[in-house]
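J.:
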Amino acid sequence: MFSMPPLRRLSLFLTLILLAACGKPEPSQKAELVVSVRPLALIAEEIVGDAMPLRVLIQSGDPHHYAPSVSDRAALERAQLVVWMGPQLESVLAKQLALIPAERQLQLLGADGYEFQGATGSDPHLWLRPRNAAVVAAQLAARLAELQPHKAELYRERARDFSRSMANLQKVLDRALWAYRDVPIVVTHDAYGHFFGSAGVATRALSDTGKGGHGARALLQLQGSGDGCLFGEMPENDRDRQMAENLGLRYVALDPLADRLPQGASYRDLVEQLLAQARSCLAEIPDSAADD
250 MFSMPPLRRL
260 SLFLTLILLA
270 ACGKPEPSQK
280 AELVVSVRPL
290 ALIAEEIVGD
300 AMPLRVLIQS
310 GDPHHYAPSV
320 SDRAALERAQ
330 LVVWMGPQLE
340 SVLAKQLALI
350 PAERQLQLLG
360 ADGYEFQGAT
370 GSDPHLWLRP
380 RNAAVVAAQL
390 AARLAELQPH
400 KAELYRERAR
410 DFSRSMANLQ
420 KVLDRALWAY
430 RDVPIVVTHD
440 AYGHFFGSAG
450 VATRALSDTG
460 KGGHGARALL
470 QLQGSGDGCL
480 FGEMPENDRD
490 RQMAENLGLR
500 YVALDPLADR
510 LPQGASYRDL
520 VEQLLAQARS
530 CLAEIPDSAA
540 DD
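Residue numbers (the working numbering): 250 to 541.
Quick look at the structure:
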């Protein structure tokens, strides 16, 4: 019978141990929170802190036309919770989420408590109003409390703190915008009604949410509106700039998806950036209420 030398037996034994170790499944990854767009991530960070990792699916681009990559689909399948607005915003993503169990999703549209003053009731960009951001945070905290009962009170307390902070931020925003309530404001997207509407500032949209295009009737109605502002979306583009010129308006692009915010920014930074961008145009209007 063949006898293996002791050193060779030891080497084989160690090799078998290493192979067995390599064949073992890796420890399960820490539960991940996946959100569709960055503004929702900014709100979510206020609730989860460092309690769980957070992944943003749509880093840039139009959420209406986003399709998840292979890695994104894998993240959706393993996520403890997926937070998204709904098919009205992430229409293509909705097809993938139809494969994810409902208990691992938080669809934000359709919940009670949102404000729509000055905004189109069907527009999904609810995060552009701080008080609506507080409603989003409360929904997220409630769902996370169900999924992680041992951290339930932490999530609820953070949601309460965020709600108080957003009530104060809304007052600051409304006071800053109220002075421009008589300035003609034209927007390329209905979404901005959520940002301006609470202050009583009316916006006139060139197109309906998600449909794109600028109707001839709308353009005729807007001509001769007076010295005002046309607010478009990032990035700035010649099409919107030319549209503003044709209407006799000043032009500024806003950043509702937080594409231009640096890493580490907060939801408050998003609102303050939008306000600064808007005022860079509004403050240039002569004889506006802001000068009274």
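Glycine included, each C-beta is placed from N, C-alpha and C at the ideal position.
1. Leaving out the 5 sequence neighbours to the left and right, which residues in its chain are closer than 6 Å to Ala552 when beta-carbon positions are compared?
2. Going by beta carbon distance, what residues of the same chain come within less than 6 Å of Thr452, once the five residues before and after it are set aside?
3. Do Ile534 and Asp489 count as a contact pair if the criterion is CB distance below 9 Å?
4. Where does the unbroken alpha helix (DSSP H) through Glu521 begin, and where does it stop?
5. Could you tell me the alpha carbon to alpha carbon distance between Gln491 and Asp504, rounded to whole angstroms?
6. I'd like to confirm the pairing. Which residues does DSSP put opposite Ala502 in its beta bridges?
7. What's the call for His314, buried or exposed, on a 16-neighbour Cβ count within 10 Å?
8. To the nearest angstrom, how far is the alpha carbon of Pro317 from that of Asp299?
9. Secondary structure at Ala538, three-state DSSP: helix, strand or coil?
10. Could you compute how far the alpha carbon of Ala394 sits from the alpha carbon of Glu402?
11. Are the segment 345–357 and the segment 412–428 touching, with three or more C-beta to C-beta distances below 8 Å?
12. What is the C-beta distance between Phe411 and Glu295, in whole angstroms, given that I count them as a contact (C-beta under 8 Å)?
13. Where does the unbroken alpha helix (DSSP H) through Gln569 begin, and where does it stop?
14. Which value, in whole angstroms, describes the spacing of the CA atoms of Ser320 and Leu330?
15. If you check the beta carbons only, do Gln527 and Leu455 fall under 9 Å apart?
16. Which parts of the segment 298–370 are runs of the beta strand (DSSP E), unbroken and 3 residues or longer, counting only runs that do not cross its ends?
17. Does the ligand FAD have even one heavy atom less than 8 Å from the beta-carbon of Tyr315?
18. Give the secondary structure of Val284 by DSSP, where H, G and I count as helix, E and B as strand, and everything else as coil.
19. From the DSSP output, which residues share a beta bridge with Ile434?
20. Do Leu338 and Leu358 have their C-beta atoms within less than 9 Å of each other?
21. Just confirm the distance between the C-beta atoms of Leu506 and Pro288, as a whole number of angstroms; I'd bet it's less than 8 Å.
22. Which stretch, first to last residue, makes up the alpha helix (DSSP H) that contains Asp489?
23. Smallest Cα separation from Leu496: which of Pro484, Phe480, Asp508, Leu510?
24. Provide the residue span of the alpha helix (DSSP H) that contains Leu375, from first to last.
25. What residues are listed by DSSP as bridge partners for Ala454?
26. My understanding is that Ala328 touches Glu281, with C-beta atoms under 8 Å, so please give their C-beta distance in whole angstroms.
27. Quick check on the burial criterion: 16 or more other C-beta atoms within 10 angstroms. Buried or exposed for Arg413?
28. Determine the direct distance from the alpha carbon of Met301 to that of His463, and round the result to whole angstroms.
29. Quick check on DSSP: helix, strand or coil for Gly513?
30. Going by DSSP in three states, Ala507 sits in which element: helix, strand or coil?
31. Keeping to the same chain, check which residues put their C-beta closer than 6 Å to that of Glu485; ignore five residues upstream and five downstream.
T.: Looking at the atomic coordinates:
1. Because the chain here runs from 250 to 541, residue 552 falls outside it and cannot be looked at.
2. Stepping through the sequence shown from its first residue, residue 452 is reached at position 203. Ile434, Val436, Tyr441, Gly442, Phe445, listed in sequence order.
3. Sequence index remark: in the sequence shown, residue 489 carries index 240 (1-based). Sequence index remark: in the sequence shown, residue 534 carries index 285 (1-based). It is not a contact, given that the beta carbons lie outside the stated cut-off.
4. On the sequence shown, position 272 is the one that residue 521 refers to. Looking at the DSSP string, the run of the alpha helix (DSSP H) that includes Glu521 is 516–531.
5. Counting from one through the sequence shown, the residue named residue 491 turns up at place 242. Counting from one through the sequence shown, the residue named residue 504 turns up at place 255. In a straight line, the C-alpha of Gln491 is about 19 Å away from that of Asp504.
6. Numbered from 1 along the sequence shown, position 253 holds the residue referred to as residue 502. Paired residue(s): Gly481.
7. Position 65 of the sequence shown holds residue 314. Only exposed fits His314, as fewer than 16 other CB atoms lie within 10 angstroms of its CB.
8. Indexing the sequence shown from 1 puts residue 317 at position 68. Indexing the sequence shown from 1 puts residue 299 at position 50. Put simply, the backbone Cα of Pro317 is about 25 Å away from that of Asp299.
9. For this step, residue 538 is matched to residue 289 along the sequence shown. Note that Ala538 has pLDDT 49, beneath the 50 cutoff, so the model's placement of it is unreliable and the number below is only indicative. DSSP, reduced to helix, strand and coil, places Ala538 within a helical segment of the structure shown.
10. Working through the sequence shown from its first residue, we reach residue 394 at position 145. Working through the sequence shown from its first residue, we reach residue 402 at position 153. Distance between the alpha carbons of Ala394 and Glu402 is about 7 Å.
11. By the Cβ rule, the segment 345–357 does not count as touching the segment 412–428, because fewer than three pairs are nearer than 8 Å.
12. Here residue 411 corresponds to residue number 162 of the sequence shown, with the count starting at 1. Here residue 295 corresponds to residue number 46 of the sequence shown, with the count starting at 1. Correct: roughly 5 Å between the Cβ atoms.
13. Residue 569 is absent from the structure shown; the chain starts at 250 and stops at 541.
14. On the sequence shown, residue 320 is found 71 positions in, with the first residue counted as 1. On the sequence shown, residue 330 is found 81 positions in, with the first residue counted as 1. Near 16 Å, if we compare the C-alpha coordinates of Leu330 and Ser320.
15. Locating residue 527 in the sequence shown gives position 278, counting from the first residue. Locating residue 455 in the sequence shown gives position 206, counting from the first residue. It should be noted that the sequence gives Ala, not Gln, for residue 527. No, the Cβ-Cβ distance between Ala527 and Leu455 is not below 9 Å.
16. Look at the segment 298–370 and you find these whole runs of beta strand (DSSP E), each 3 residues long or longer: 303–307, 330–333, 354–356.
17. Ligands in the displayed structure: none, and consequently the ligand FAD is not present.
18. Working through the sequence shown from its first residue, we reach residue 284 at position 35. Of the three classes helix, strand and coil, the one that applies to Val284 here is strand, per DSSP.
19. As a first step, residue 434 must be located in the sequence shown, where it is residue number 185. Residue pairing from DSSP places Ile434 in a beta bridge opposite Cys478.
20. The count along the sequence shown starts at 1 and reaches residue 338 at position 89. The count along the sequence shown starts at 1 and reaches residue 358 at position 109. Taking 9 Å as the Cβ cut-off, Leu338 and Leu358 qualify as a contacting pair.
21. To locate residue 506, count along the sequence shown from 1; it is residue 257. To locate residue 288, count along the sequence shown from 1; it is residue 39. At roughly 6 Å, the Cβ-Cβ gap stays under 8 Å, so Leu506 and Pro288 are in contact.
22. The count along the sequence shown starts at 1 and reaches residue 489 at position 240. From DSSP, the alpha helix (DSSP H) with Asp489 extends over 487–496.
23. Along the sequence shown, one-based indexing puts residue 496 at 247. Of the listed residues, the one whose Cα sits closest to Leu496 is Phe480.
24. For the purposes of this step, residue 375 is identified with residue 126 of the sequence shown, where counting begins at 1. It is not in any alpha helix (DSSP H) - Leu375 carries neither H nor E in the DSSP assignment.
25. As a working mapping, residue 454 is identified with position 205 in the sequence shown. Paired residues: Val436.
26. In the sequence shown, counting from the first residue as 1, residue 328 sits at position 79. In the sequence shown, counting from the first residue as 1, residue 281 sits at position 32. That pair is a contact at about 5 Å.
27. Taking the first residue of the sequence shown as position 1, residue 413 is located at position 164. Residue burial annotation: Arg413 is exposed, with fewer than 16 other C-beta atoms found within 10 angstroms of its C-beta.
28. Taking the first residue of the sequence shown as 1, we reach residue 463 at position 214. Taking the first residue of the sequence shown as 1, we reach residue 301 at position 52. Note that His463 scores a pLDDT of 49, beneath 50, so its modelled location is shaky; the value from the coordinates is reported in the next line. Between His463 and Met301, the C-alpha separation is close to 43 Å.
29. Position 264 of the sequence shown, counted from the first residue, corresponds to residue 513. In this structure, Gly513 counts as coil in the three-state DSSP scheme.
30. Position 258 of the sequence shown, counted from the first residue, corresponds to residue 507. DSSP places Ala507 in coil when its eight states are reduced to three.
31. By one-based count along the sequence shown, residue 485 stands at place 236. For Glu485, the CB contacts under 6 Å within the same chain, skipping 5 residues up- and downstream, are Ala502 in chain order.
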